[in-house]
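Protein chains: 2
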Amino acid sequence: MTDKRFVVTPWEVAGAVDYDRLIREFGTQPISPELATRLEVLLGPASYLVRRKIFFSHRDLNLVLKDYDKGRGFFLYTGRGPSGPMHIGHIGQFYFTKLLQDEFKTNVYIQITDDEKFLEVKRNLAYMDTQHWADENILDIIATGFDPDRTFILQDTEFVGHAYPLILKIAKRINYNLTKAVFGFTGETNVGMIFYPSIQILPSLLEKRRCLIPSAIDQDPYWRIQRDIAEGLGYFKAAAVHSKFLPPLTGTQDKMSSSKPETAIYLNDDDKTVRTKINKHAFSGGQATVEEHRRLGGNPDLDVPFQWLYMFFEPDDSKLEKTREDYRSGRLLTGELKQILAEKVIGFLHEHRHRREAARAKVRQFKYDGILAQKMWKTDFEKL
Amino acid sequence: MTDKRFVVTPWEVAGAVDYDRLIREFGTQPISPELATRLEVLLGPASYLVRRKIFFSHRDLNLVLKDYDKGRGFFLYTGRGPSGPMHIGHIGQFYFTKLLQDEFKTNVYIQITDDEKFLEVKRNLAYMDTQHWADENILDIIATGFDPDRTFILQDTEFVGHAYPLILKIAKRINYNLTKAVFGFTGETNVGMIFYPSIQILPSLLEKRRCLIPSAIDQDPYWRIQRDIAEGLGYFKAAAVHSKFLPPLTGTQDKMSSSKPETAIYLNDDDKTVRTKINKHAFSGGQATVEEHRRLGGNPDLDVPFQWLYMFFEPDDSKLEKTREDYRSGRLLTGELKQILAEKVIGFLHEHRHRREAARAKVRQFKYDGILAQKMWKTDFEKL
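Same order as they appear, the protein sequences are chains V and Z.
If you're matching positions, the first sequence starts at -1 in this note's numbering and goes up one per residue.
If you're matching positions, the second sequence starts at -1 in this note's numbering and goes up one per residue.
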């Protein structure tokens, strides 16, 4: 995946995203109509994720559902690299995971990869920066509403020591060539980064059931190594469900980027900033003048405000379809559509930040004291 | 170091050991006559280690003594890979380190590299085996008589989590090429082994003073990487003093080997086994018959029983020289020399095992509760 216009690795997404090509090149499966039908039924209020093809690709999701049917259950695993403040693009994955937890009543493991973020030479973060962002990001993650007794937030720099025996067993089965093939590591890569896949695989082995990883497809390489080695260690190959990237405000190409603040809305952007960013930077599928727009209508497929409603901010299908139709017909103007999105985003951020304040009191529960967290800290990894 | 007759790496010593060549090829310094004179004065009862050239090579030992003179002090670091029972060849290094601690009143850090021993594919030890041997080996190490308030035994699988922030800072500065050049790692090497040098370097950075590492020269490659990166992290380059290998019973070539029990005397060999091994396997520098021996005399330089007395079991110079002279002249027969050694070894092992029993009550002190151990467990490695 290294041609100039289209690059997807765990560290970079550039160019227009061709999801069918991603499925081919990453070697994953598209979600078949049969699987989509089953999922829709199971997912209830979260079924729009399937209907709208926000979940577009998977590995072994059919086996996960089979395990669920048979009562064997499964668990969810996702993560966050704490390199800076979180934006709308980052938090979507956590809301999706929380919806899956609500529907399937599963355990969720959330890995905070503060060690990896420190080791990444490109970012050159100081160690204390990674700790600061870990604390901040954890509040945003808790704010999404996970069940504190079924969710374990494991911060690598805290948990690696406890789980070290299992990490060693993982590391013993991964050689340099494999990491080179999957991640493109070179002789210049530091030995921390080379070791790191062992730690990223750890949460997928925290239960002897199938693990489902909801993530953007760019994280898929980690799970390919997991799938190479898990069964040899007596665990299950990780299953995955891949969601599309929420496009950056500035257009339907590339991904939101922390280095280009106009491409993203941060969870702590104030109302005025949200309105300004959307009005000023959101890429529009409308026409050049109001008159032309009334006559020709807008193109919702190219319009980022519409795409944001579609992907995240308007789960109600009938409302969404009305907006689409109004926009396409020219009844709804670009400025009006932008305002619909701005109000949705502002409302979401108000609620998110309200829950984020309440999250401060829950951190210990997710990390140490909740039922699942306690169980993990009491697990004797020497005996696994 | 890979020609057929003479191989020295951290995992293998084969062929006749040419110490001058090791100095050249490892790029270390011989101990100069001036340095030897200073050391002899400082070392008191341990000065025979210098006089007999058991310490034959070093890095920056002159700087260590300078720091000592100026009151800045230094600290000692050594280690053990717990892959099996310890023999006489293993324990020598710890006795030497203990003598240095006695004379200089320094802190000593002893790393138990149980993680590395698990990761070594060649050995293929089960995880629980490494834990068993760690427990056993620690008793032997404590039995050598270290000061429990100035000595910290850090077992990697216990301490890595606590010191992880500093380990990450080390790992960030070591790339794959460097480990490849120093250790000959290949694409087949597992990522745990590739990461491991970061952990082996850790103890050398536990104080912001110069660290002196007494070891066999085959461990030197680790310190070359340490010396590349320590100053960049705000620490001192490690200094080293290298001791000769105690030759295997079977001859003055190669090293004692756990896979050839006749080459070594184990710390738990009983009296009869010791006598049998020495009588049966100890390579002799004597003549074929008693008559010839009386007439021609023996060769103490080739005689392993004499070498063992020289290297470890007879610190008294005048007694040693008398034995040498008696043997060279033919007054002392091979069987008699073997018996002298056997009694020394048996006496040593009795005392060692007596102290080893007493060591059981001291393990917690060395690992957790002694003054130095407590200080280490209270150190906030995030802030370093």
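No residue lacks a Cβ here, since even glycine has one placed at the ideal position from N, Cα and C.
Only a predicted model underlies this, so the values are computations on that prediction, with no experimental measurement involved.
#1: With distances taken Cα to Cα, identify the nearest neighbour of Arg148 (chain V) among V:Lys373, V:Val62, V:Phe379.
#2: Buried or exposed for Thr35 (chain Z), please, with buried defined as at least 16 other CB atoms from any protein chain shown within 10 angstroms of its CB.
#3: Tell me the residue span of the beta strand (DSSP E) that contains Gly90 (chain Z).
#4: Under a Cβ-count criterion, where at least 16 other Cβ atoms within 10 Å of its own Cβ denotes burial, should His85 (chain Z) be classed as buried or exposed?
#5: Check the Cβ of Ile192 (chain Z) against every Cβ in chain V and list those closer than 8 angstroms, keeping chain order.
#6: Given a cut-off of 9 angstroms, decide if Leu117 (chain Z) and Tyr194 (chain Z) are closer than it, judged by their beta-carbon atoms.
#7: Could you have a look at Asn297 (chain V) and say whether DSSP puts it in helix, strand or coil?
#8: With respect to the alpha helix (DSSP H) encompassing Phe116 (chain Z), which residues constitute its N-terminal and C-terminal limits?
#9: Thr149 (chain V) bridges to which residues according to DSSP?
#10: Would you tell me roughly how many angstroms separate the C-alpha atoms of Glu349 (chain Z) and Thr111 (chain Z), rounded to the nearest one?
#11: What does Pro163 (chain V) reach in chain Z if we use C-beta pairs closer than 7 angstroms?
#12: Are the C-beta of Lys178 (chain V) and some C-beta of chain Z separated by less than 9 angstroms?
#13: What are the boundary residues of the beta strand (DSSP E) that Val239 (chain V) is part of?
#14: Work out the CA separation of Leu63 (chain Z) and Gly368 (chain Z) for me, nearest whole Å.
#15: Quick check on Asn173 (chain V): buried or exposed, where buried means 16 or more other Cβ atoms within 10 Å of its Cβ?
#16: Determine, using beta carbons only, whether Val343 (chain Z) comes closer than 9 angstroms to chain V.
#17: My output table needs one value for Pro246 (chain V): the three-state DSSP class, helix, strand or coil.
#18: Hey, out of Z:Gly283, Z:Lys336, Z:Met254, whose CA is closest to Ile276 (chain Z)'s CA?
#19: Are the Cβ atoms of Ala141 (chain V) and Ala356 (chain V) separated by less than 9 angstroms?
#20: Spatial neighbours of Val39 (chain V) within its chain, please: CB distance less than 8 angstroms, with the 5 preceding and 5 following residues excluded, ordered by chain position.
#21: CB-CB under 6 angstroms to His240 (chain V), same chain, minus the five flanking residues each way: which ones, in chain order?
#22: Identify every residue that forms a DSSP beta bridge with His56 (chain Z).
#23: At what residues does the alpha helix (DSSP H) containing Ala371 (chain Z) begin and finish?
#24: Which residues in chain C have a C-beta closer than 7 angstroms to the C-beta of His160 (chain Z)? List them in chain order.
#25: Which word fits Thr0 (chain Z), buried or exposed, when buried means at least 16 other C-beta atoms lie within 10 angstroms of its C-beta?
#26: Inspect the CB distances between the stretch 118 to 132 of chain Z and the stretch 66 to 75 of chain Z and report whether three or more fall short of 8 angstroms.
#27: The beta strand (DSSP E) that contains Ser213 (chain Z), what's its start and end?
#28: Look at Tyr75 (chain Z) and Gln109 (chain Z) and say whether their C-beta atoms are less than 9 angstroms apart.
#29: Rounded to whole angstroms, what's the CA-CA distance from Lys51 (chain Z) to Arg171 (chain V)? Just pull it up for me.
#30: Short check: CB of Leu265 (chain Z) to CB of Leu347 (chain Z), under 9 angstroms?
#31: By the criterion of Cβ-Cβ separation under 9 angstroms, what are the contact partners of Asp268 (chain V) in chain Z?
#32: Establish whether the CB of Glu380 (chain Z) and some CB of chain V are separated by less than 9 angstroms.
#33: Examine chain V for any beta-carbon lying closer than 9 angstroms to the beta-carbon of Leu231 (chain Z), and answer yes or no.
#34: Ordered along the chain, which non-local residues of its own chain (more than five positions away) have a Cβ less than 8 angstroms from that of Lys115 (chain V)?
#35: Out of curiosity, what's the CA-to-CA distance linking Arg354 (chain Z) and Asp138 (chain Z)?
#36: Within 9 angstroms (strictly less), CB to CB, does Phe183 (chain Z) reach chain V?
Reading it off the structure:
#1: What you label residue 148 (chain V) is simply residue 150 of the first sequence in a count that begins at 1. From the listed residues V:Lys373, V:Val62, V:Phe379, the smallest Cα separation to Arg148 (chain V) is found for V:Lys373.
#2: Residue mapping note: residue 35 (chain Z) aligns to position 37 of the second sequence, counting from 1. The residue is exposed, with fewer than 16 neighbouring Cβ atoms inside 10 Å.
#3: What you label residue 90 (chain Z) is simply residue 92 of the second sequence in a count that begins at 1. For Gly90 (chain Z), no beta strand (DSSP E) segment is defined; the enclosing uninterrupted segment is the alpha helix (DSSP H) at 86 to 102.
#4: For the purposes of this step, residue 85 (chain Z) is taken as the residue at position 87 of the second sequence. His85 (chain Z) is buried by the Cβ-count criterion.
#5: Translated into positions along the second sequence, residue 192 (chain Z) becomes position 194. Under the 8 angstroms cutoff, chain V gives Tyr174, Val189, Ile192, Phe193.
#6: Position 196 of the second sequence, counted from the start, is the residue given in the question as residue 194 (chain Z). Position 119 of the second sequence, counted from the start, is the residue given in the question as residue 117 (chain Z). Cβ distance < 9 angstroms, so Tyr194 (chain Z) and Leu117 (chain Z) count as in contact.
#7: Stepping through the first sequence from its first residue, residue 297 (chain V) is reached at position 299. DSSP places Asn297 (chain V) in the coil class of the three-state scheme, outside both helix and strand.
#8: Taking the first residue of the second sequence as position 1, residue 116 (chain Z) is located at position 118. Unbroken alpha helix (DSSP H) run through Phe116 (chain Z): 112 to 117.
#9: To locate residue 149 (chain V), count along the first sequence from 1; it is residue 151. Thr149 (chain V) pairs with V:Val106.
#10: As a first step, residue 349 (chain Z) is located in the second sequence; it is residue number 351 there, counting from the start. As a first step, residue 111 (chain Z) is located in the second sequence; it is residue number 113 there, counting from the start. Straight-line Cα distance between these residues: approximately 26 angstroms.
#11: If you number the first sequence from 1, residue 163 (chain V) lands on position 165. Ordered by position in chain Z, the residues that pass the 7 angstroms Cβ test against Pro163 (chain V) are Tyr125, Thr155.
#12: Walking along the first sequence from the start, residue 178 (chain V) turns up at place 180. Judged by the 9 angstroms Cβ criterion, Lys178 (chain V) is in contact with chain Z.
#13: Mapped onto the first sequence, residue 239 (chain V) falls at position 241. Where Val239 (chain V) is concerned, the enclosing beta strand (DSSP E) starts and stops at 237 to 241.
#14: If you number the second sequence from 1, residue 368 (chain Z) lands on position 370. If you number the second sequence from 1, residue 63 (chain Z) lands on position 65. If I take the Cα positions, the gap works out to 27 angstroms.
#15: Start at 1 with the first residue of the first sequence, and residue 173 (chain V) comes out as number 175. In summary, Asn173 (chain V) is buried, with 16 or more beta-carbon neighbours lying within 10 Å of its beta-carbon over all protein chains present.
#16: Here residue 343 (chain Z) refers to the residue found at position 345 of the second sequence. The beta-carbon of Val343 (chain Z) is placed no less than 9 angstroms from the nearest beta-carbon of chain V.
#17: On the first sequence, residue 246 (chain V) is found 248 positions in, with the first residue counted as 1. Looking at Pro246 (chain V) - three-state DSSP - the assignment turns out to be coil, as it is neither helix nor strand.
#18: Counted from its first residue, the second sequence places residue 276 (chain Z) at position 278. Nearest option by C-alpha distance: Z:Lys336.
#19: In the first sequence, residue 141 (chain V) corresponds to position 143, counting from 1. In the first sequence, residue 356 (chain V) corresponds to position 358, counting from 1. For Ala141 (chain V) and Ala356 (chain V), yes; Cβs fall inside 9 angstroms.
#20: Mapped onto the first sequence, residue 39 (chain V) falls at position 41. Closer than 8 angstroms at Cβ, skipping near neighbours: Ser45.
#21: The count along the first sequence starts at 1 and reaches residue 240 (chain V) at position 242. Counting only Cβ-Cβ distances below 6 angstroms, and skipping sequence neighbours, we find Ser55, Ile215.
#22: Looking up residue 56 (chain Z) in the second sequence gives position 58. DSSP lists Z:Gln27, Z:Val239 as partners of His56 (chain Z).
#23: One-based indexing of the second sequence puts residue 371 (chain Z) at position 373. Per DSSP, Ala371 (chain Z) belongs to the alpha helix (DSSP H) from 369 to 376.
#24: This model lacks chain C altogether; the protein chains it does include are V and Z.
#25: Looking up residue 0 (chain Z) in the second sequence gives position 2. Bear in mind that a pLDDT of 35 at Thr0 (chain Z), under 50, signals an unreliable position, so the number given afterwards is only what the model happens to contain. Exposure of Thr0 (chain Z) is indicated by the presence of fewer than 16 other C-beta atoms within 10 angstroms of its C-beta.
#26: No: the two stretches stay apart, fewer than three of their Cβ pairs being nearer than 8 angstroms.
#27: Here residue 213 (chain Z) is taken as the residue at index 215 of the second sequence, counted from 1. Per DSSP, Ser213 (chain Z) belongs to the beta strand (DSSP E) from 208 to 214.
#28: Along the second sequence, read from residue 1 onward, the residue named residue 75 (chain Z) stands at position 77. Along the second sequence, read from residue 1 onward, the residue named residue 109 (chain Z) stands at position 111. Taking 9 angstroms as the Cβ cut-off, Tyr75 (chain Z) and Gln109 (chain Z) qualify as a contacting pair.
#29: Translated into the one-based positions of the second sequence, residue 51 (chain Z) becomes position 53. Translated into the one-based positions of the first sequence, residue 171 (chain V) becomes position 173. Lys51 (chain Z) and Arg171 (chain V): Cα-Cα distance of roughly 43 angstroms.
#30: For the purposes of this step, residue 265 (chain Z) is taken as the residue at position 267 of the second sequence. For the purposes of this step, residue 347 (chain Z) is taken as the residue at position 349 of the second sequence. Contact flag set, yes.
#31: Here residue 268 (chain V) refers to the residue found at position 270 when the first sequence is read from its first residue. Near Asp268 (chain V) there are no residues of chain Z at all, since even the closest Cβ is about 32 angstroms away, more than 9 angstroms.
#32: Your numbering for residue 380 (chain Z) matches position 382 in the second sequence. Yes, Glu380 (chain Z) lies at the interface with chain V (some Cβ there is under 9 angstroms from its Cβ).
#33: Residue numbering aside, residue 231 (chain Z) sits at position 233 when the second sequence is read from its first letter. Leu231 (chain Z) is outside the set of residues whose beta carbon lies under 9 angstroms from a beta carbon in chain V.
#34: Here residue 115 (chain V) is taken as the residue at index 117 of the first sequence, counted from 1. Cβ neighbours of Lys115 (chain V) within its own chain (closer than 8 angstroms, five residues either side excluded): Gly79, Pro80, Ser81, Arg121, Leu123, Thr128, Trp131.
#35: Sequence index remark: in the second sequence, residue 354 (chain Z) carries index 356 (1-based). Sequence index remark: in the second sequence, residue 138 (chain Z) carries index 140 (1-based). Near 6 angstroms, if we compare the C-alpha coordinates of Asp138 (chain Z) and Arg354 (chain Z).
#36: In the second sequence, residue 183 (chain Z) corresponds to position 185, counting from 1. At least one C-beta of chain V is nearer than 9 angstroms to the C-beta of Phe183 (chain Z).
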